[in-house]
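Numbering (our numbering), first residue to last: 0 to 109. All residues carry an ideal CB built from backbone N, CA and C; glycine is no exception. Since this is a predicted model, take the numbers as computed values, not measurements. Here the structure is laid out as structure tokens; the discussion comes afterwards.
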């Protein structure tokens, strides 16, 4: 399913619980931690982190080694951008330029 959504999707914790362990009726912090480890084992990340422990909470799943994952990593200064905020700013700046954002539209002179 992530492949169809360009390696990013939103699901609720109930959906994740069902796909990880359908026999579980309840979700807890420990179980959310198990689900998080399972996702990472499959090379997937999630936001928020740590995962919430309520079935109705929405989470975003993404593959860090995908085009969208690169932008998320840059914005969060994670992965290859962890120690390179300048590179992250340049990378995201190019995205803003590609999206047509004009520097004259900045508020408050920033």
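Go ahead and label residue i buried or exposed: buried means 16 or more other beta carbons lie within 10 angstroms of its beta carbon, across all protein chains shown.
| i | result |
| --- | --- |
| residue 50 | buried |
| residue 72 | buried |
| residue 26 | buried |
Short check: CB of residue i to CB of residue j, under 8 Å?
| i | j | result |
| --- | --- | --- |
| residue 11 | residue 75 | no |
| residue 61 | residue 44 | yes |
| residue 15 | residue 7 | no |
| residue 63 | residue 78 | yes |
| residue 23 | residue 30 | yes |
| residue 9 | residue 39 | no |
For residue i, report the span of its beta strand (DSSP E) as first-last.
| i | result |
| --- | --- |
| residue 0 | Where residue 0 is concerned, there is no enclosing beta strand (DSSP E), given that its DSSP letter is neither H nor E. |
Could you spell out the range, first to last residue, of the alpha helix (DSSP H) harbouring residue i?
| i | result |
| --- | --- |
| residue 93 | 84 to 97 |
| residue 76 | From DSSP, residue 76 is part of no alpha helix (DSSP H); its letter is neither H nor E. |
Name, in chain order, the residues that DSSP records as bridge partners for residue i.
| i | result |
| --- | --- |
| residue 7 | 61 |
Write down every uninterrupted run of the alpha helix (DSSP H) in the segment 27 to 67 whose length is 4 residues or greater and which is fully enclosed by it, in chain order.
28 to 40
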